[in-house]
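Position 185 of the sequence shown, counted from 1, bears residue number 185 in the numbering used here, the numbering being contiguous throughout. Ideal Cβ placement from N, Cα and C applies to all residues, glycine included.
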Amino acid sequence: MGILVKDPGPLTTVQDEGRFGYQQYGVTPSGPMDARAFHIANILVGNPQGEGALEITFKGPELQFDQDNVIAVTGGDMQPSINGERIPMYAAVAVHAGDVLKFGFAAGGGCRGYIAFAGGLDIPLVMESKSTLAAKKLGGYEGRALKQGDRIGFPAPKATLPGMEKRHCPLPVYPEDEVSLRVVLGPQEEAFSEEEQRKFFWYSSKVTNEFDRQGCRLEREVPVKHLKDGNIISDGIAFGSIQVPTTGQPFIMMADRQTVGGYTKIGTIITVDLPKIAQAKPGMRVRFIHVSMELAHLLYIRELEELKQLDQSLNS
1 MGILVKDPGP LTTVQDEGRF GYQQYGVTPS GPMDARAFHI ANILVGNPQG
51 EGALEITFKG PELQFDQDNV IAVTGGDMQP SINGERIPMY AAVAVHAGDV
101 LKFGFAAGGG CRGYIAFAGG LDIPLVMESK STLAAKKLGG YEGRALKQGD
151 RIGFPAPKAT LPGMEKRHCP LPVYPEDEVS LRVVLGPQEE AFSEEEQRKF
201 FWYSSKVTNE FDRQGCRLER EVPVKHLKDG NIISDGIAFG SIQVPTTGQP
251 FIMMADRQTV GGYTKIGTII TVDLPKIAQA KPGMRVRFIH VSMELAHLLY
301 IRELEELKQL DQSLNS
């Protein structure tokens, strides 16, 4: 017993921390697009931070509960409600058998959300992960996005959790018009002149409609010019890699990216800023800011410490 999917919404998938150690075989890690929101959702319901949850996009699903449990909804505000009454975001909420959780469309900034369930979801591990890689029909619920009529069980539900009144945290503010993304140069920055590198950071880009879990295509009024062209011998791609093909129009590689690619990469978005692009909507402006690897590491360590402190304060 767990949940019945009455309406899946545009794109609802099971994601956990990700599928690591298999990129050498061409298998993408997948995992959450907005890792911070995903981790906080699990912390709020007392799960390990990497436990499986539902990732929702632009409009959430309609779910009916067959069993009592505790949930938390994070990420972009899709106006969650239970039995027609709004529930708070970024807070643990008790649900009961027969309750129906519904969502509206994403309001304000942000377009992706997460639903975590105390005790996790009864999803089999594929290559040590519950994450859905739909392009390969791998993992998650039958290797695909959820459909009407799907059922997912709760392996260890909890009707309540200690300190329910304390299980909440501040809501993030996602940009609505323009997002600034900090970038470490490389690994192929030498394919661009110093002047073109400066232009890359000086001129903004626009998020296009070609944006999914695999990548985000940008449009620039001033294309990025190569010294020669945008082709290289294929090498590894990270979440946040900014590829620049010969057209000079960049695209950002996301959670379900391919493992290798043959276009120059002028830079990589730092880990703590990946949620910003993950939550961006088509039409938004994007500006890149050059930072050092040392600062990227410092900010990442700081975020890990913040999540650890939140986890300890609620679950120790």
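Can you tell which of Asp-68, Gln-24, Ile-87 and Gln-243 has the C-alpha that lies nearest to the C-alpha of Pro-155?
-> Comparing C-alpha distances from Pro-155 to each of Asp-68, Gln-24, Ile-87 and Gln-243 shows the shortest one belongs to Asp-68.
Same chain, Cβ closer than 8 Å to Val-95, five either side skipped, listed in chain order = So the list reads Phe-65, Asp-68, Asn-69, Val-70, Ile-71, Ile-82 and Leu-101, once near-sequence residues are dropped.
Contact test: Lys-199 Cβ vs the ligand ADP heavy atom, cutoff 6 Å | Ligands in the displayed structure: none, and consequently the ligand ADP is not present.
Please list, in chain order, all residues of the same chain as Lys-281 whose beta carbon is under 6 Å from its beta carbon, the five residues on each side excluded.
-> Contacts found: Cys-111.
Would you list the one or two residues that DSSP bridges to Val-93?
-> According to the DSSP secondary-structure assignment, Val-93 is paired through a beta bridge with Ile-71.
To the nearest angstrom, how far is it from the Cα of Leu-304 to the Cα of Pro-32?
-> If I take the Cα positions, the gap works out to 16 Å.
Out of Phe-200, Met-127 and Ala-135, state which residue places its alpha-carbon closest to the alpha-carbon of Glu-17.
-> Taking only the C-alpha atoms, the option nearest Glu-17 is Met-127.
DSSP three-state call for Gln-309: helix, strand or coil?
-> Helix at Gln-309.
Over what stretch of residues does the beta strand (DSSP E) that includes Ala-53 continue unbroken?
-> Counting along the chain, Ala-53 sits inside the beta strand (DSSP E) bounded by residues 53 to 57.
Near Ala-296, what residues of its chain come up, given a Cβ to Cβ distance below 6 Å and the 5 sequence neighbours on each side ignored?
-> Closer than 6 Å at the Cβ level, and outside the excluded window around Ala-296, lie Val-184 and Ile-270.
With respect to the beta strand (DSSP E) encompassing Gln-243, which residues constitute its N-terminal and C-terminal limits?
-> First-last of the beta strand (DSSP E) with Gln-243: 241 to 244.
Cβ neighbours of Leu-4 in the same chain (closer than 6 Å, five flanking residues each side left out) | These residues qualify, in order along the chain: Gln-64 and Arg-151.
In this structure, what does DSSP give as the bridge partners for Lys-102?
-> Listed as beta-bridge partners of Lys-102 by DSSP are Ser-81.
What are the boundary residues of the beta strand (DSSP E) that includes Gln-64?
-> For Gln-64, the uninterrupted beta strand (DSSP E) segment begins and ends at 62 to 65.
Phe-200 - containing beta strand (DSSP E), residue span = Counting along the chain, Phe-200 falls outside any beta strand (DSSP E), though it belongs to the alpha helix (DSSP H) covering 194 to 202.
Bounding residues of the beta strand (DSSP E) (the contiguous stretch that carries Arg-285) = Residues 285 to 290.
3 or more residues per run - each beta strand (DSSP E) lying fully within the region 130 to 154 | Here the runs fully enclosed are 151 to 153.
Would you check if there are 3 or more beta carbon pairs closer than 8 Å linking the region 105 to 120 to the region 173 to 182?
-> Between the region 105 to 120 and the region 173 to 182, the count of Cβ pairs shorter than 8 Å is three or higher; the stretches touch.
Range covered by the beta strand (DSSP E) that runs through Ile-3 = 2 to 7 is the extent of the beta strand (DSSP E) around Ile-3.
Compare the Cα-Cα distances from Lys-147 to each of Lys-225, Ser-313, Thr-12 and Met-293 and report the closest residue.
-> The shortest CA-to-CA distance from Lys-147 to any of Lys-225, Ser-313, Thr-12 and Met-293 is the one to Thr-12.
Simplified DSSP assignment, three categories, for Asn-47 | The answer is coil: DSSP assigns Asn-47 none of H, G, I, E or B.
Does the Cβ of Thr-326 have 16 or more other Cβ atoms within 10 Å, making it buried, or fewer, making it exposed?
-> Residue 326 falls outside the range modelled here, since the chain spans only 1 to 316, and no answer is possible.
Tyr-114 in three-state terms, based on DSSP = Looking at Tyr-114 - three-state DSSP - the assignment turns out to be strand.
Can you give the Cα-Cα distance for Ile-40 and Phe-103, rounded to whole angstroms?
-> Taking the straight line from one Cα to the other gives about 19 Å.
How do the region 177 to 197 and the region 283 to 292 stand: do at least 3 beta-carbon pairs fall below 8 Å, yes or no?
-> With a cut-off of 8 Å, the region 283 to 292 and the region 177 to 197 count as touching, because enough Cβ pairs lie within range.
Terminal residues of the beta strand (DSSP E) in which Ser-185 lies = Note that residue 185 is Leu in the sequence shown here, rather than Ser. Leu-185: member of the beta strand (DSSP E) spanning 178 to 185, first to last residue.
Where Thr-271 falls: helix, strand or coil (DSSP) = Looking at Thr-271 - three-state DSSP - the assignment turns out to be helix.
Of the residues Pro-275, Ile-266, Glu-306 and Gly-2, the one placed nearest Asp-122, counting alpha carbons only | The candidate whose alpha carbon is nearest that of Asp-122 is Gly-2.
Residues bridged to Asn-231 (per DSSP) = Asn-231 is bridged by DSSP to Tyr-263.
How is the beta strand (DSSP E) around Gly-119 delimited, first residue to last?
-> Gly-119: not part of any beta strand (DSSP E); DSSP gives it neither H nor E.
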